[in-house]
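The sequence shown begins at 21 in my numbering and counts up by one.
Ideal Cβ positions, reconstructed from N, Cα and C, are used throughout, including at glycine.
Keep in mind it's a predicted model, so treat the numbers as computed, not measured.
Structure first, then comments.
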Amino acid sequence: MASIGIFIGAPIEHASERATLKRAYEFLSAQGIPAVILANMNLGDRQLDLVIAIEGAALVTESKGFTSAVRGGHNGDWEAQLASGAWKKFVNPYLQAIGEKLALRDAMRSFAGADVPYPSAALIFVPAVPPGSTIPPGDFKVSIGGLDELPAFITSMKRGGWSLDQWRAFAAHHRLLAVPSVDAALSPQLLDAEQLLGAYGEAFIRTYGGPASEMVPMLCVWESEELSSEVVLDRSVRDDNVLLTGPSGCGKSLLSYSIGLAGLARGNVPIVVPAKDFEGNLRDVVNRETALLEASSAAAVISAARRLNRRLMLVVDGYNECTPGERQRLTRSIAAAVRRYDARAVISSRMPLERGDLLPARSYAVRIPNIKTKLAIAQRAAGGVSAEPFADLLGTVGSGLEAKMIGQLGQQLPPDTSRYGLFDAYVRERLGSAASDGIRALSRIAGMMTERISFGLSVRELDRLSDREGVSGALLQTLADANILGRRGDRVHSFRTAFARSKWPTQRWRACAALCLTGRPKRFPQRTMRCWLVAGFSTG
């Protein structure tokens, strides 16, 4: 099929104009002639029904729909015969066509900043010149005929004019709306649907395109087969429902946004469903989300998608963040929406679905980023700053989100910042407003580890320490949420000791710590265990 771009200034209301557009489109498509069509546009004080542009030529048409005889000439008013037999005057359409032709040439000349050739013009009667009419024949200024003669008017245009690229630029300059199909141009309802989804899609890209663009390829697993996230993204075209599982910060959400954006590019309509906001009613959640993306309601988006035969995609973000009592209801609600609207679901979660049997999905496990991936994430976040100095610190974090934060810190810190200074800046960034209290608590924890020559404490020891030192449970939870403190079984370990241990084997660190505590630390450099456990988490 030939490439035919349609641009409109406003919805086409008159049946004669719609019929002329449809006939022109059918002819150009059947003949494989590339074209640009401008419909119902205003240039100054002139309204133009239709401009049909092919490579090197253009035709302005004025459409009239009369069922009874008309009469008139090159000058003066024309008249149409009424059912009573009387005649009623109307504006001379021949002169209208000439005026529109001249208005178009003036606008072309203003746009180009140079002289341009005259476009052709035609007066089209729909469906044909009424029987019994007395009108002049066409001339070199304006061709006159019915719809059946329109193809001949198009093919007989003089060449030597604008290219189609110039016409597209002209349409953009006059802020004409590009419509994806002739049906949308002809139907106000379809046009409204196209405009709604167009604005929604642009808002979706603005909101989720930025975060998705930061994604670097990640390792995923499907049925013991290791795949790149790029392969998963490609396969998602064929998958009906997709479940992305993995630990926090591994990139599940970014991958789900990327799948939604890829679906949008294929004509689907993605709607993000933040699972943490689900309180029993899916409609409320999607209404809030679509309202943030310039749509009046989710119902309007869904109605437009169905009217245009575009498939819905429900991107359920953070299924595990839904309150436990509502997770099963969320699964049932998503499954019901998928069945009702023939939609697809893309779900990111740290846990399996409750009642997953209701929503069969191809499951991909997104792996924790390896050091190579974390380095790539940090390098992208660091911009022009090398991420190599962050390698030690990157080796101790477990998520892509933390790797990104380390890279961002690299842009802010002086180039000669020590690895300890980088660590301190990272901890402060992670803890935010709780940084001062958090670092004091970490220093006390480090002191107890020093006393025990240990890289961890039991949960019971940490409880006794928090009671004795007045460290609140809320602050300990903040440290855990920031991955500064971790727990394995009944043992609590610190992020900073993991950072320290990244250089030496465990046995060497223990020997170093023992010597430090016996008062003979001078044999060891400042980056030793004494630096980390005696100094603890102090800021000085």
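{"Query": "Simplified DSSP state of residue 343, which is helix, strand or coil", "Result": "coil"}
{"Query": "Residue 536 burial status per 10 Å Cβ neighbour count (16 or more: buried)", "Result": "Below a pLDDT of 50, predicted positions are generally treated as unreliable, and residue 536, at 40, falls in that range; no measurement from the model is reported."}
{"Query": "Contacting residues, own chain, Cβ-Cβ under 8 angstroms from residue 496 (five flanking each side not counted)", "Result": "461, 482, 486, 505"}
{"Query": "Residue nearest to residue 355 in terms of C-alpha spacing, selected from 394, 261, 298", "Result": "261"}
{"Query": "Inter-residue spacing [alpha-carbon to alpha-carbon] between residue 227 and residue 207", "Result": "30 angstroms"}
{"Query": "Short Cβ contact (8 angstroms threshold) for residue 267 with residue 337", "Result": "no"}
{"Query": "Run of the alpha helix (DSSP H) containing residue 187, from where it starts to where it stops", "Result": "184-193"}
{"Query": "Start-to-end residues for the alpha helix (DSSP H) that takes in residue 62", "Result": "Note, residue 62: premise wrong, no alpha helix (DSSP H); beta strand (DSSP E) at 55-63."}
{"Query": "Limits of the beta strand (DSSP E) - the one that residue 165 falls within", "Result": "163-166"}
{"Query": "Proximity winner among 371, 280, 368, relative to residue 225 (alpha-carbon distances)", "Result": "280"}
{"Query": "Test item: CB-CB of residue 237 and residue 249 under 8 angstroms", "Result": "yes"}
{"Query": "Among 332, 254, 270, 282, the one whose alpha carbon lies nearest that of residue 291", "Result": "332"}
{"Query": "Residue 208, enclosing beta strand (DSSP E) - first and last residue", "Result": "No beta strand (DSSP E) contains residue 208, which is instead part of the alpha helix (DSSP H) from 208-233."}
{"Query": "Spatial distance of residue 313 from residue 229 (CA atoms)", "Result": "13 angstroms"}
{"Query": "Helix, strand or coil at residue 384 according to DSSP, with G and I counted as helix", "Result": "strand"}
{"Query": "Sub-8 angstroms separation of residue 79 and residue 23 beta-carbons", "Result": "no"}
{"Query": "C-alpha distance - residue 163 paired with residue 36, whole-angstrom precision", "Result": "17 angstroms"}
{"Query": "Sub-8 angstroms separation of residue 146 and residue 39 beta-carbons", "Result": "yes"}
{"Query": "Proximity of residue 194 and residue 61 at Cβ, strictly below 8 angstroms", "Result": "yes"}
{"Query": "Alpha-carbon spacing of residue 42 relative to residue 202, whole angstroms", "Result": "7 angstroms"}
{"Query": "C-beta atoms of residue 53 and residue 26 nearer than 8 angstroms", "Result": "no"}
{"Query": "Straight-line gap, residue 383 to residue 360 (C-alpha atoms, nearest Å)", "Result": "22 angstroms"}
{"Query": "Reduced DSSP secondary structure (H/G/I, E/B, other) of residue 110", "Result": "strand"}
{"Query": "Rounded separation between residue 184 and residue 57 - CA only", "Result": "10 angstroms"}
{"Query": "Residue 296 - containing alpha helix (DSSP H), residue span", "Result": "Neither: residue 296 is in no alpha helix (DSSP H) and is coded neither H nor E."}
{"Query": "Residue 272, enclosing beta strand (DSSP E) - first and last residue", "Result": "No beta strand (DSSP E) holds residue 272; the alpha helix (DSSP H) holding it covers 272-285."}
{"Query": "Rounded straight-line distance, which links the Cα of residue 196 to that of residue 365", "Result": "35 angstroms"}
{"Query": "Residue 394 in three-state terms, based on DSSP", "Result": "helix"}
{"Query": "Simplified DSSP assignment, three categories, for residue 27", "Result": "strand"}
{"Query": "Simplified DSSP state of residue 32, which is helix, strand or coil", "Result": "coil"}
{"Query": "Where residue 493 falls, given that 16 or more other Cβ within 10 Å makes a residue buried", "Result": "exposed"}
{"Query": "Residue range of the unbroken beta strand (DSSP E) whose run includes residue 364", "Result": "364-369"}
{"Query": "Straight-line gap, residue 144 to residue 367 (C-alpha atoms, nearest Å)", "Result": "55 angstroms"}
{"Query": "The stretch 315-323 contacting the stretch 344-353, beta-carbon criterion three pairs below 8 angstroms", "Result": "no"}
{"Query": "Top-ranked residue by Cα proximity to residue 385, from 153, 491, 29, 273", "Result": "273"}
{"Query": "Cut-off 6 angstroms between Cβ atoms - residues of its own chain near residue 91, not counting five sequence neighbours on either side", "Result": "99, 154"}
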